[in-house]
Amino acid sequence: MSVTPIRLLGDPVLRTPAAPVVDFDAELRALVGDLTETMFAAGGAGLAAPQLGVGLRVFTWYVDGEVGHLVNPDVEPVGAETEEAPEGCLSIPGFRYDCRRHLHVAATGWNLHGDPVRIEGSHLLARAVQHETDHLDGVVFVDRLDAGARAAALAEIAAAEWAGMGQYLPAPEPVVKASPH
Ligand code: ZN
Numbered sequence: 107m108s109v110t111p112i113r114l115l116g117d118p119v120l121r122t123p124a125a126p127v128v129d130f131d132a133e134l135r136a137l138v139g140d141l142t143e144t145m146f147a148a149g150g151a152g153l154a155a156p157q158l159g160v161g162l163r164v165f166t167w168y169v170d171g172e173v174g175h176l177v178n179p180d181v182e183p184v185g186a187e188t189e190e191a192p193e194g195c196l197s198i199p200g201f202r203y204d205c206r207r208h209l210h211v212a213a214t215g216w217n218l219h220g221d222p223v224r225i226e227g228s229h230l231l232a233r234a235v236q237h238e239t240d241h242l243d244g245v246v247f248v249d250r251l252d253a254g255a256r257a258a259a260l261a262e263i264a265a266a267e268w269a270g271m272g273q274y275l276p277a278p279e280p281v282v283k284a285s286p287h
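Just add 106 to the spot in the sequence shown (first one is 1) and you have our numbering.
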């Protein structure tokens, strides 16, 4: 398990639908470990395997102090309520845009042992689950914006310092220690 470089928007892997996981093996456990560690290092609420360059349907989340993962997820809205709130993406660092999402969702899938899992979430957890599941379909959150907002966002993103860099290795903010003197 290790902190792994995160692919930036522009990498084709982020635009490629991911394949279902078939083998619940040591490789999958290592992938979930890498996703979890990298998500923590980057301070994200979620991370999907394509963001590490792996085309498999797996994501992790970290919301309200709870960490989890889901393999081969199937997400359904619960009720019709939606919520527009600022959203960001570790593959589009430095940008946040208001994005409309279902307020409540239920997600089914499997854990890394191959046991069936069902989670229900609202607000940030629901948003993270929808955002990460989109990644597995080659969709980024900017695609969910209205046409005008999307065009403006993509123009800003194309001018980002990191545009064309391909990937970056997240590192936690350095801890500033008070001097003893
Ligand atoms: Zn993302």
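Backbone N, C-alpha and C fix where the C-beta goes; we use that ideal spot for every residue, glycine too.
Exercise. At what residue ranges does the stretch 188 to 244 contain a whole run of the beta strand (DSSP E), taking only runs of 3 or more?
Worked result: 188 to 194, 202 to 208, 210 to 216, 222 to 228
Exercise. Can you tell me where the alpha helix (DSSP H) with V138 in it begins and where it stops?
Worked result: Residue 138 sits at position 32 when you count from the first residue of the sequence shown. Per DSSP, V138 belongs to the alpha helix (DSSP H) from 132 to 148.
For this session: Check whether the Cβ of C195 sits closer than 7 Å to any heavy atom of ligand 1, and report yes or no.
Result: Within the sequence shown, numbered from 1, the residue matching residue 195 stands at position 89. Answer for C195: yes, Cβ within range of ligand 1.
For this session: Kindly examine ligand 1 and report whether one of its heavy atoms sits closer than 7 Å to the Cβ of H175.
Result: Stepping through the sequence shown from its first residue, residue 175 is reached at position 69. Flag unset: Cβ of H175 not near ligand 1.
Exercise. Going by Cα to Cα distance, which pick from H241, L196, L231 is closest to A213?
Worked result: By 1-based counting over the sequence shown, the position of residue 213 is 107. Taking only the C-alpha atoms, the option nearest A213 is L231.
Exercise. L162 bridges to which residues according to DSSP?
Worked result: The count along the sequence shown starts at 1 and reaches residue 162 at position 56. DSSP output for L162 lists A125 as bridge partner(s).
Exercise. Straight-line CA distance for N178 to P199?
Worked result: Stepping through the sequence shown from its first residue, residue 178 is reached at position 72. Stepping through the sequence shown from its first residue, residue 199 is reached at position 93. Roughly 26 Å separates the two Cα atoms.
For this session: Assign G288 to buried or exposed, taking buried as 16 or more other Cβ atoms, counted over all protein chains shown, within 10 Å of its Cβ.
Result: The requested residue 288 is not part of the displayed model; the chain covers only 107 to 287.
Problem set entry | Status (buried if at least 16 other CB within 10 Å, exposed otherwise) for L275 | The sequence position of residue 275 within the sequence shown is 169, counting from 1. Flag for L275 reads exposed.
Problem set entry | At least three beta-carbon pairs within less than 8 Å, the stretch 153 to 163 to the stretch 233 to 247 | yes
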